[in-house]
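Novice: Okay, here's the structure, questions in a sec.
Number of protein chains: 2
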Amino acid sequence: MKILFKNARILTMKDENIINGDLVVKDNLIAYIGKDSSSYAPFDRVIDCQGNLLMPGFKNAHAHSAMVFLRGKADDVSLQDWLFNVVFPREDHLIGKDIYYLNKVAYLEYISSGITACFDHYYYPLEGAKAAEEMGMRTLLLATFDQKYTRGEALYKNYHYFNDQKDGLVRYIIGFHAEYTTDDSLLKGTQETLDLLKCPFFTHIAETKKEVEECLTRHHKTPAQYMYDEGLFKYGGGGFHCVYLTKEEVKIFKENNLSIISCPASNLKLASGIAPLTYFYEQGINIALGTDGPASNNSLNMFKEMYLAATLQKVMNNDPRSIPAFEILKMATVNGAKVMGLDKADVLDVNKYADLIMIDLSKPNMQPVNNIITNLVYAGSKDNVKLTMINGRILYEDGKFFLNESVEQIYQKAEETTSRLEKEL
Amino acid sequence: MKILFKNARILTMKDENIINGDLVVKDNLIAYIGKDSSSYAPFDRVIDCQGNLLMPGFKNAHAHSAMVFLRGKADDVSLQDWLFNVVFPREDHLIGKDIYYLNKVAYLEYISSGITACFDHYYYPLEGAKAAEEMGMRTLLLATFDQKYTRGEALYKNYHYFNDQKDGLVRYIIGFHAEYTTDDSLLKGTQETLDLLKCPFFTHIAETKKEVEECLTRHHKTPAQYMYDEGLFKYGGGGFHCVYLTKEEVKIFKENNLSIISCPASNLKLASGIAPLTYFYEQGINIALGTDGPASNNSLNMFKEMYLAATLQKVMNNDPRSIPAFEILKMATVNGAKVMGLDKADVLDVNKYADLIMIDLSKPNMQPVNNIITNLVYAGSKDNVKLTMINGRILYEDGKFFLNESVEQIYQKAEETTSRLEKEL
């Protein structure tokens, strides 16, 4: 299968340059980027980009995809109400099949908003993996050894997924939810597994002030310091949120090449705080962006995360120069790929996976075309996503999905699941 | 011309209720909302909404539409650089016709993102009016008596536009840019005109700390206090931005029934600050939302403004309960209509102007349909706008514009203007 994208503007994300030319996809890889693709003819399909932009797809580096069933169920309430009266009681009734159905709704949102890979963290990761494989969504799943997470799926003995499927759509990585939900046996199991696999480790870190204070009470250490001292970051990894990292912890991140995955929309909506991304950036930390779950965001839209990541820093620092737009665009793409180990899906280049999106520059919010980079970050919207390709497959084009199943059926199953969870309360 | 919208969910915005039924538009007015529209047959067109949502269009209550030529021209720079090195030198070369061309690009963005009316404030308002009338955009234009603003268009003697066109698409209102750009003669002219017309007055107020400090130095009063004492608010009106109002000034706003038009995206991007909307809301002030100009935002998208208005308050107050979603939705619709004197285009009701939008609930970000109100505010996106009708005319539907001119031509004229301004620097 060979597809030619012609008359494109191409932002490879290797640098800020925009190339005018062609891009050829052969099977699941990019075969050519340049001025003259004629030696690759014939093509199975030729797409005239008409000057629209090709760029790498967005990497959603922190998500709880299946939480779509909670979208709109717990807005404008206190964090305690949200967790204990809305989220937990419903989650108690989740079964594996629910995740399979619910994740697909999130994947539709990812695909239609230009997200080509997500780092997912929720119950029943094997069911999420099944949904991702069926739909063609590139996914990294956080595997935990807590019964509550795996519910007997015995993911532990399947750890080889991590290696075997390294080049596939779906892979696993090791982590747990957070320090405050981890007991000694889970900690020990995680340590052993990390040593066995020599695997990076990811978890929620310092999302709220309360979390940090409670960790100090329990361990007389801040969360990242505690986990570092426990050897969890021996093989790299990083933290989700990191709103309240101390300077000492940022130093640990820097020295151990750990990543910070920031979720600005969720942090605002739950009133968690605003992470000091400018400081992290100045320290040279790899910063990626995530949507968090739809229960706390409530959309899964990297344009929103980019705008917030950029502009919240400006107002926090009282300086509109804070963090240039291109750096923000890197957070939403290449830096996220680095977090997820997607070194073959980070930038647009020959022999990289064909995980790319086409941005419609003919929508009014992109006019005039003065500066494509800042237009993307400050004016971009998911309705600018004209096409989404993952692993060489066009899954979304001109507002339509190209999947092996109907969108209506996906919604219906998710509605049934949501209704059942309400009834079982 | 009679149009039937059938099988709709209808959010009139009179309250939070959602009606399942039909809506009939006759010419430029809503003729019927209810269960059985059969007595209004025959119809020129029947639109099956398939359960999608009809609601009032968004009211963009503060804009500098023509500044699209500056989109992407001045990002990530200091406010001083932005104003003195980018904005002002280019604005010096603007001619009337530029506004006519540039406004149309902004109107395309309004129409495609569900904005059915804008309160516009820029040079050459008569040229903006011409563009709005041609395109069918409902617009309130701020008329100023400064030569720099009107450039000899003698809008002053045309003040009767304000009255004569009260029910039309385009109307004028009195104001000036800000205290810090107003000299004695402009102040006096404005006072006289307000007394003559008994007209509400609008201006930028307390957008930045610097503005407040300088006003204190000049007049020993804060800006709103100064303008109130000068009699400018005798007939009502309000202020744009109001990031740094004092409690005494908020009291003036309350006692004189003045409105606050907040522009959260612009305030973030220019690092101006975060307006304390929760306090204004608790004091019972009418709060509306605006996009400000595309040079400082950079998009013209009320979904973004709603998300920011809602969630910035939560994080500022350290309380996720701050300002319920329905109140935010009111800010973006009915409260904006109140600001603009659009009492016939505020809610959906019989004999109101048919200024309405259809929201596509079948996009993944609206699924499952647990709560339409919070979905709109927290998960909504401009790609949910399926149809935009202003004054009974469908101007946008399913991604296509229905105008008397081509979109490509509008872009071309705007590009030519933008290029010319660069050359003339």
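Residue numbers (our numbering), protein chains in the order written: chain A, 156 to 580; chain B, 156 to 580. Glycine included, C-beta positions come from ideal geometry on N, C-alpha and C.
1) For chain B, check one thing: does any of its Cβ atoms lie closer than 8 Å to the Cβ of A/Arg164?
2) On the premise that A/Thr271 lies in contact with A/Ile512, defined as a C-beta separation below 8 Å, what is that separation, rounded to the nearest angstrom?
3) When burial is assigned at 16 or more other CB atoms within 10 Å of the CB, is B/Asn490 buried or exposed?
4) Tell me where the alpha helix (DSSP H) around A/Ser267 begins and ends.
5) Using beta carbons (cut-off 8 Å, strictly below), is B/Asp191 in contact with chain A?
6) Once you ignore the five residues that flank B/Tyr256 on each side, which residues in its own chain have a CB closer than 7 Å to its CB?
7) Closest Cβ-Cβ distance between A/Pro519 and chain B: below 8 Å?
8) Can you tell me which residues form a DSSP beta bridge with B/Ile545?
9) Taking 8 Å as the threshold (beta carbon to beta carbon), is A/Ile545 in contact with chain B?
10) What is the C-beta distance between B/Leu484 and B/Ala420, in whole angstroms, given that I count them as a contact (C-beta under 8 Å)?
11) Do we get a CB-CB distance below 8 Å when we pair B/Lys469 with the residues of chain A?
12) Exposed or buried, which one is A/Leu351 when buried takes at least 16 other CB atoms within 10 Å?
13) For B/Asp177, tell me which candidate among B/Gln205, B/Asn546, B/Asp191 and B/Ile407 has the shortest Cα-Cα distance.
14) Determine the contact status of B/His219 and B/Gly448, defining contact as a CB-CB distance below 8 Å.
15) Once the 5 residues before and after B/Gly291 are set aside, which same chain residues still bring their CB inside 8 Å of it?
16) Give every residue of the same chain whose Cβ lies closer than 6 Å to the Cβ of B/Lys499, excluding the five residues on either side of it in the sequence, and list them in chain order.
17) Suppose the cutoff is 6 Å on Cβ atoms and the five residues either side in sequence are ignored; what does the same chain contact list for B/Met471 look like?
18) Measure the Cβ-Cβ separation of A/Ala492 and A/Asp501 and say whether it is below 8 Å.
19) Just how far apart, CA to CA, sit A/Gln205 and A/Lys161?
20) Identify every residue that forms a DSSP beta bridge with A/Asp177.
21) Taking the C-alpha atoms as reference points, what is the distance between A/Met486 and B/Lys285?
22) Per DSSP, which one or two residues make a beta bridge with B/Arg476?
23) Is A/Asn172 helix, strand or coil when you go by DSSP?
24) If the cut is a Cβ gap below 8 Å, which residues of chain A does B/Ala426 touch?
25) On the DSSP letters alone, give me the boundaries of the alpha helix (DSSP H) that B/Thr348 sits inside.
26) Say the cut is 7 Å; is the CB of B/Glu347 nearer than that to a heavy atom of the ligand ZN?
27) Check whether the Cβ atoms of A/Val405 and A/Tyr383 sit closer than 8 Å, and answer yes or no.
28) Run through DSSP, which three-state label would B/Ile528 get?
29) Expressed to the nearest angstrom, what Euclidean distance is found between the alpha-carbon atoms of A/Glu563 and B/Lys518?
30) Residues of the stretch 519–538 of chain A with a CB closer than 9 Å to any CB of chain B: list them in chain order, please.
31) Using the beta-carbon of each residue, which ones in chain B are nearer than 8 Å to A/Asn559?
32) Can you tell which of A/Met222, A/Ile514, A/Glu579 and A/Asp338 has its C-alpha closest to the C-alpha of A/Leu455?
33) Taking all protein chains shown into account, decide if A/Leu580 is buried (16 or more other Cβ within 10 angstroms of its Cβ) or exposed.
34) Flag B/Ala480 as yes if its beta-carbon sits less than 8 Å from any beta-carbon of chain A, otherwise no.
35) Does any residue of chain A have a CB that is nearer than 8 Å to the CB of B/Lys228?
Specialist: Looking at the atomic coordinates:
1) no
2) 7 Å
3) buried
4) Gly251 to Ser267
5) no
6) Lys568, Ala569 and Thr572
7) yes
8) B/Arg548
9) no
10) About 17 Å; that fails the 8 Å criterion.
11) yes
12) exposed
13) B/Asp191
14) yes
15) Leu324, Ile545, Asn546, Arg548, Leu550 and Leu558
16) Lys507 and Tyr508
17) Ile429
18) yes
19) 8 Å
20) A/Gly189
21) 43 Å
22) Paired residue(s): none; B/Arg476 is not in a bridge.
23) coil
24) Lys469, Val470, Asn472, Asn473, Asp474, Pro475 and Ser477
25) Asp339 to Leu352
26) In the structure on display, the ligand ZN does not appear, and there are no ligands present to speak of.
27) no
28) helix
29) 10 Å
30) Pro519, Asn520, Met521, Gln522, Pro523, Val524, Asn525, Asn526, Ile527, Ile528, Thr529, Asn530, Val532, Tyr533, Ala534, Gly535, Ser536, Lys537 and Asp538
31) In chain order: nothing, as chain B lies at least about 17 Å away.
32) A/Met222
33) exposed
34) yes
35) yes
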